[in-house]
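Here is the structure we will look at, set down as structure tokens.
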Amino acid sequence: MIDTKGTEDSTPDEGNKPTHNDSNNGTTTSGNTDAPTSTAPVVSTVSSSVSIINKPVTSTTSGNPKDILRTHSDKLVHAISVNLYNVTDALYAKELIPQQTKEEVHVLGVTNYEKSSKLVNAIEGELKAKLNNPE
1 MIDTKGTEDS TPDEGNKPTH NDSNNGTTTS GNTDAPTSTA PVVSTVSSSV SIINKPVTST
61 TSGNPKDILR THSDKLVHAI SVNLYNVTDA LYAKELIPQQ TKEEVHVLGV TNYEKSSKLV
121 NAIEGELKAK LNNPE
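Residues in the sequence shown are numbered from 1 upward in steps of one, following the UniProt record's numbering.
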């Protein structure tokens, strides 16, 4: 996948529909647009900025949200560890994690990878609670 700066992204965004770049005329065509979609929160990090967006869940990512999170947790832990404090603050601001989790991330003496892993576990716990008790 090529980002807007022309650099190659080695982590494909599995939530996007497949695209095909026609090198002859510079156009891009999308895959099947008839797939049922819903939205799910996704953490998006670009350099030092973080945003939480609702991203369509298509047939390539559809299924049980807990299973989707579990199967992608290793990628999430790595992505979050790169920008840990900004991601944590953004999740807390959107009320997606409790204050205790935010405070646990800001402690010293623990690696960012370990903190990111705990953060993903907290997100999974919040997801389970929301799925069991939808508002």
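Cβ coordinates follow ideal geometry from the N, Cα and C atoms, glycine included.
These numbers were taken from a predicted model, which means no experiment stands behind them.
{"Item": "Using the beta-carbon count (16 or more within 10 Å), is K115 buried or exposed?", "Value": "buried"}
{"Item": "Just mark L76 as buried or exposed, buried being the case when its beta carbon has 16 or more other beta carbons within 10 Å.", "Value": "buried"}
{"Item": "Under the three-state reduction of DSSP, which class applies to L108: helix, strand or coil?", "Value": "coil"}
{"Item": "How far does the alpha helix (DSSP H) with K66 in it extend, from its first residue to its last?", "Value": "65–82"}
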